[in-house]
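Asker: Below is the structure I would like to discuss, written out as structure tokens.
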Amino acid sequence: MKIAIIDYGAGNVQSVLFALERLGFEGIVTNDWNTIKSADKVIFPGVGEASSAMKMLMDSGLDVLIPTLKQPVLGICLGMQLMCKYSEEGNTNGLGIFDVNVVKFSQEVKVPQMGWNTIYNLKTPLFKGIKENEFMYLVHSYYASLSENTIATTNYELEYSTALQRDNFFGVQFHPEKSGIFGEQILKNFLNL
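Counting in our numbering, the sequence shown runs from 175 upward without gaps.
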């Protein structure tokens, strides 16, 4: 199986590569259009700030490519947020794959949300073998609102989308590559879609 990990200068690609290796798979870190288009699965990781990450996507033309992909695509953390319509972080227009806005947690809670939290209201085969209220690892100051694309929910100050899906596009706010056995199960489920 050919797994492309999108390289746009804002991803924690090493952790994703190690997680794939633990599952017996090999990923290719690339920003090459043909390699990404011909991959069986595409992972779109991200760590950092939305507006500068979107600028890097635009500079490489990946902002045009990603929404046209037909194979299963998994956005992780900032990768998921960039797949949304808009982010308050840096007043950033996203890729618009998910018709959802990304907004900042209020000052009533500790920001960023960092550490383990539960996921629930699990839908789709992405969560096969995962029980309701399993713990996942999160680090983020902004969240995707609940929407018709929500396939998992987390509560931190309020309920928000901890996973999204539209057609072949999936996004998770948590880090499956850092969430132990259950995170690896989710990655395995994605690779089996």
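Every residue, glycine too, gets a C-beta built ideally from N, C-alpha and C.
None of these values were measured; they are calculated from a predicted model.
(1) Quick one: residues in its chain with C-beta nearer than 7 Å to the C-beta of Met369, no 5 flanking neighbours on either side, listed in chain order?
(2) Tell me whether Thr298 sits in a helix, a strand or coil according to DSSP, three-state version.
(3) Mapping DSSP to helix, strand and coil, what is Ile304?
(4) Give the single residue among Lys305, Ser280, Lys284, Lys215 whose Cα lies nearest to the Cα of Thr204.
(5) Which two residues bound the contiguous alpha helix (DSSP H) that contains Leu269?
(6) Classify Phe192 as buried or exposed, calling it buried when 16 or more other Cβ atoms lie within 10 Å of its own Cβ.
(7) Return the residue from the list Met175, Ile177, Lys176, Leu197 that minimises the CA-CA distance to Ile360.
(8) Count Cβ pairs between the stretch 274-283 and the stretch 292-305 that sit closer than 8 Å; are there 3 or more?
(9) Which of the three DSSP states, helix, strand or coil, is assigned to Gly183?
(10) In whole angstroms, give me the CA-to-CA distance for Trp290 and Met310.
(11) Would you check if the stretch 297-308 and the stretch 251-269 touch, i.e. whether three or more CB-CB distances between them fall below 8 Å?
(12) In chain order, what residues of the same chain lie with their CB nearer than 8 Å to the CB of Glu333, ignoring the 5 residues before and after it?
(13) Output the residue ranges of the beta strand (DSSP E) runs that lie fully inside the stretch 230-267 and measure 3 residues or longer, sorted by chain position.
(14) If contacts are defined as beta-carbon pairs under 8 Å, then Ala224 and Leu243 qualify, I think. What distance do you get, rounded to the angstrom?
Answerer: On the basis of the data shown:
(1) Since the first and last residues shown for the chain are 175 and 367, residue 369 lies out of range.
(2) As a first step, residue 298 is located in the sequence shown; it is residue number 124 there, counting from the start. Looking at Thr298 - three-state DSSP - the assignment turns out to be coil, as it is neither helix nor strand.
(3) Within the sequence shown, numbered from 1, the residue matching residue 304 stands at position 130. Correct three-state label for Ile304: coil.
(4) Within the sequence shown, residue 204 is the residue found at index 30, counting from 1. Selected option, being the one with the closest Cα: Lys215.
(5) Taking the sequence shown and counting its residues from 1, one reaches residue 269 at position 95. Here Leu269 belongs to no alpha helix (DSSP H), and DSSP marks it neither H nor E.
(6) Working through the sequence shown from its first residue, we reach residue 192 at position 18. With fewer than 16 Cβ atoms within 10 Å of its Cβ, Phe192 is classed as exposed.
(7) Residue mapping note: residue 360 aligns to position 186 of the sequence shown, counting from 1. Here the closest residue by C-alpha is Leu197.
(8) no
(9) Working through the sequence shown from its first residue, we reach residue 183 at position 9. In this structure, Gly183 counts as coil in the three-state DSSP scheme.
(10) In the sequence shown, the residue the question calls residue 290 occupies position 116. In the sequence shown, the residue the question calls residue 310 occupies position 136. About 5 Å.
(11) no
(12) By one-based count along the sequence shown, residue 333 stands at place 159. So the qualifying residues of the chain are Leu320, Thr327.
(13) 247-250, 258-261
(14) Position 50 of the sequence shown, counted from the start, is the residue given in the question as residue 224. Position 69 of the sequence shown, counted from the start, is the residue given in the question as residue 243. With a Cβ gap of about 20 Å, Ala224 and Leu243 do not count as contacting.
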